[in-house]
């Protein structure tokens with residue numbers, strides 16, 4: 008983002024973060040107990056950084072409180088929303104995968 012008022016360029020890192028307590032040894036020990044595709048193990052993902060990035064941007068450049076900004080998303084989450092048939096199909100397939108791999112997808116938690 009280029010701020011014309013102070014003539015500076017600002018960057019925002021919205022990538023995911025991993026737990027500060029997570030060690031390579033723990034991941035190797037835990038995931039090593041599973042066979043197959045470890046991409047779907049709970050320890051293979053990071054905490055979504057997009058939301059933290061949104062809050063950072065809102066704090067720095069926003070003019071509305073988070074509750075007002077997020078109100079439409081909260082409404083959709085509570086009331087639901089229509090999706091395209093192809094999206095519904097893939098979500099349904101994903102549900103079946105999660106049920107088949109429940110313990111693995113939770114990382115044994």
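Numbering (the numbering used here), first residue to last: 8 to 116. C-beta atoms are modelled at their ideal positions from N, C-alpha and C, and glycine is treated no differently. Here the structure is a predicted model, which is why all the values come from computation and not from measurement.
**Request:** Taking only the alpha-carbon atoms, compute the straight-line gap between residue 96 and residue 69 and give it to the nearest angstrom.
**Result:** Linking residue 96 to residue 69 through their CA atoms gives a straight-line distance of about 37 angstroms.
**Request:** Using three-state DSSP, classify residue 88 as helix, strand or coil.
**Result:** Residue 88 carries a coil assignment under DSSP once its states are collapsed to helix, strand and coil.
**Item:** Extent of the continuous alpha helix (DSSP H) to which residue 65 belongs
**Value:** First-last of the alpha helix (DSSP H) with residue 65: 56-68.
**Prompt:** Going by DSSP, what residues sit across from residue 10 in a beta bridge?
**Reply:** In DSSP, residue 10 forms a bridge with 15.
**Given 8 angstroms, three or more beta-carbon pairs between the segment 54-66 and the segment 10-26** = Yes, the segment 54-66 is in contact with the segment 10-26.
**Request:** For residue 123, I'd like the list of residues in its chain whose CB is within less than 7 angstroms of its CB, leaving aside the five on either flank, ordered along the chain.
**Result:** Nothing can be reported for residue 123, as the shown portion of the chain is limited to 8 through 116.
**Prompt:** Helix, strand or coil: which one does DSSP assign to residue 2?
**Reply:** A question about residue 2 goes unanswered here, because the residues of the chain that appear run from 8 up to 116.
**Item:** Inter-residue spacing [alpha-carbon to alpha-carbon] between residue 34 and residue 100
**Value:** Residue 34 and residue 100: Cα-Cα distance of roughly 28 angstroms.
**Asked** Between residue 65 and residue 76, which are expected to be in contact by the criterion C-beta below 8 angstroms, what is the C-beta distance as a whole number of angstroms?
**Response** Here residue 65 really is in contact with residue 76; their C-beta atoms are around 6 angstroms apart, less than 8 angstroms.
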